[in-house]
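Counting in my numbering, the sequence shown tops out at residue 59, every number present. The C-beta atom is built at its ideal place from N, Cα and C for all residues, glycine as well. Take a look at the structure below.
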Amino acid sequence: MKDTIVLGLYVLATILALLSAIIYPLTGMKIIFSIATVLYAWMSYAYYSKYKKGKQRK
Numbered sequence: 002m003k004d005t006i007v008l009g010l011y012v013l014a015t016i017l018a019l020l021s022a023i024i025y026p027l028t029g030m031k032i033i034f035s036i037a038t039v040l041y042a043w044m045s046y047a048y049y050s051k052y053k054k055g056k057q058r059k
């Protein structure tokens with residue numbers, strides 16, 4: 002269940018990052034772009050470290 006939530010957040014962060022990449026040049030919303038970038042970076046790091054731990058257990 003927790004993996005599904007993490008994956009869902011990861012997908013959401015990816016969508017946010019892609020949306021902000023499209024919206025940012027049009028509107029100049031730097032705040033949304035910054036939040037989405039930080040969120041995406043944090044989520045990808047968390048997902049990667051979790052994946053790495055899972056690999057080591059096997």
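Our contact map puts L8 next to L40 with C-beta atoms below 8 Å; I'd like the distance itself, whole angstroms only.
Residue mapping note: residue 8 aligns to position 7 of the sequence shown, counting from 1. Residue mapping note: residue 40 aligns to position 39 of the sequence shown, counting from 1. Wrong, their Cβ atoms sit about 15 Å apart, outside the cutoff.
query = Going along the chain, which residues of its own chain have a beta-carbon closer than 6 Å to the beta-carbon of Y11, five neighbours each way excluded?
reply = Here the question's residue 11 lines up with position 10 in the sequence shown. Hits under 6 Å: M44, Y48.
Whole-Å CB distance - S21 paired with A37, under 8 Å assumed: Indexing the sequence shown from 1 puts residue 21 at position 20. Indexing the sequence shown from 1 puts residue 37 at position 36. With 8 Å as the limit, S21 and A37 qualify as a contact, their Cβ atoms being about 4 Å apart.
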